[in-house]
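What follows is a short report on a single structure.
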Amino acid sequence: MKLQDRLKAYISIIFSMAFFAFSYVWFKIANEAYRPLTIVFFRLATAVIVLSLFLYLTGRFENIRKEDRLYFFFMALFEPFLYFIFESHGLALVSSTVASVLIATIPIFTAIGALLFFREKLSMFNYAGVVISFTGILIFIVAGKSNLSFNPAGIILMLFAVICATAYSLILRRLANNYRPVYIVNVQNIIGLALFLPVFLISEGKHLHEIEFRPEAAIAVAQLGIFASCGAFILFGYTVRKIGVARANLFANIIPVLTAVFAYYSIGEIITTEKFAGIIIMIAGLYMAQIRFTVKKKVMR
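At position 293 of the sequence shown the residue is numbered 1660 (this note's numbering), and the sequence of numbers has no breaks.
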């Protein structure tokens, strides 16, 4: 791959993770006015409207191959549908610290899955980088935290969320070379919206009359739909297509770091020495995992 293409991929994944990091802030703002399922439903509805309109105006709708239909369905089933359900219920039973540590294992499981299913090999140096990056994010997450409360049910639910995210990434890896990222994400959101509709109506139906239009919360939902459900996933899909799912997924470790940086500039939250050390270790591991070695064979004369 040309250096210019690789640079585009890395810029894309950094913006993708930044959008995901911002999504926690937007969700918190929206949650002050709307219930979680209401936010997710209208977030997906916004994404579907925006991407469908874009694809219609640009004439970029594609035909899904018969053999890929189930892959599209299961991709959307795993994420956003099942991932959100497992994560939201798991967070109610474990501390945010424990949840963050478990979510940080997604790149590890993805690297293993990419090797098993796609022969997407990394060098031993790259795998060492994956482990070091996880160690760094572990230090960052638990620094100064004493609240590690959890129960077995919460751990199991969070592990199911990890499995769903891993499965999503691996299915995306299979589809990324055959369809445009924009189209993949649009189909994903349409199926996700259809799956959430009955759950939304059953769970939130009795509360629909309570929904009020609050500008700040509504804008936050729109931002979630446009930047997180559209932009972040499209850029992630593009990067998977360019550098592979194992290397792309490892960048998820920068999400809590970016969130901390946003918190530092917005509300003055202090980044401790331990957290800073964790950031340095995580970045070092991330860099190690991206390095590709070219082995030149000597020709015997």
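Where is the CB? At the ideal position from N, CA and C, for every residue including glycine.
All of these numbers come straight from a predicted model, not from anything done at the bench.
Linking Leu1539 to Ile1650 through their CA atoms gives a straight-line distance of about 25 Å.
Counting along the chain, Glu1579 sits inside no alpha helix (DSSP H), nor does DSSP assign it H or E at all. In terms of Cβ geometry, Ile1601 and Val1549 form a close pair [threshold 8 Å]. A straight-line Cα-Cα distance of about 13 Å links Ile1530 and Ala1481. In the three-state reduction of the DSSP assignment, Phe1428 falls in the coil class.
Taking 8 Å as the cut-off, the beta carbon of Ser1500 is found closer than this to the beta carbon of Ala1656. For Thr1477, the secondary structure class from DSSP, reduced to helix, strand or coil, is helix. Look at Ile1638 here: in three-state DSSP terms it is coil, with no helix or strand label. Distance from the Cα of Ile1646 is smallest, within the candidate group Ala1510, Thr1533, Thr1477, for Ala1510.
For Ser1455, the enclosing alpha helix (DSSP H) starts and ends at 1450–1458.
Within the stretch 1528–1588, the complete alpha helix (DSSP H) runs of at least 4 residues fall at 1548–1571. In this structure, Ala1613 keeps its C-beta atom at 8 Å or more from the C-beta atom of Ile1396. For Leu1489, no alpha helix (DSSP H) encloses it, and the DSSP letter there is neither H nor E. Bounds of any alpha helix (DSSP H) do not take in Leu1444, whose DSSP letter is neither H nor E.
The C-beta distance from Ala1615 to Ile1380 rounds to 6 Å, short enough to meet the 8 Å contact threshold. By the Cβ neighbour-count rule, Gln1371 is exposed, with fewer than 16 other Cβ atoms within 10 Å of its own.
Nearest neighbour of Phe1453 by Cα position, chosen from Leu1404, Glu1429, Lys1488, turns out to be Leu1404.
At a Cβ-Cβ threshold of 8 Å, Val1554 and Phe1439 count as neighbours. Per DSSP, Asp1372 is one residue of the alpha helix (DSSP H) stretching across 1370–1398. For the pair of segments examined, the stretch 1472–1491 was found not to touch the stretch 1433–1449: the number of CB pairs separated by less than 8 Å stays below three. Three or more Cβ pairs drawn from the stretch 1550–1569 and the stretch 1442–1449 lie within less than 8 Å of each other, which places the two stretches in contact.
A distance of 8 Å or more separates the beta carbons of Val1461 and Gly1503. Annotated as distal: Val1415 and Phe1507, with beta-carbon spacing of 8 Å or more. For the 8 Å CB-CB criterion, Ser1383 and Thr1606 form a contact.
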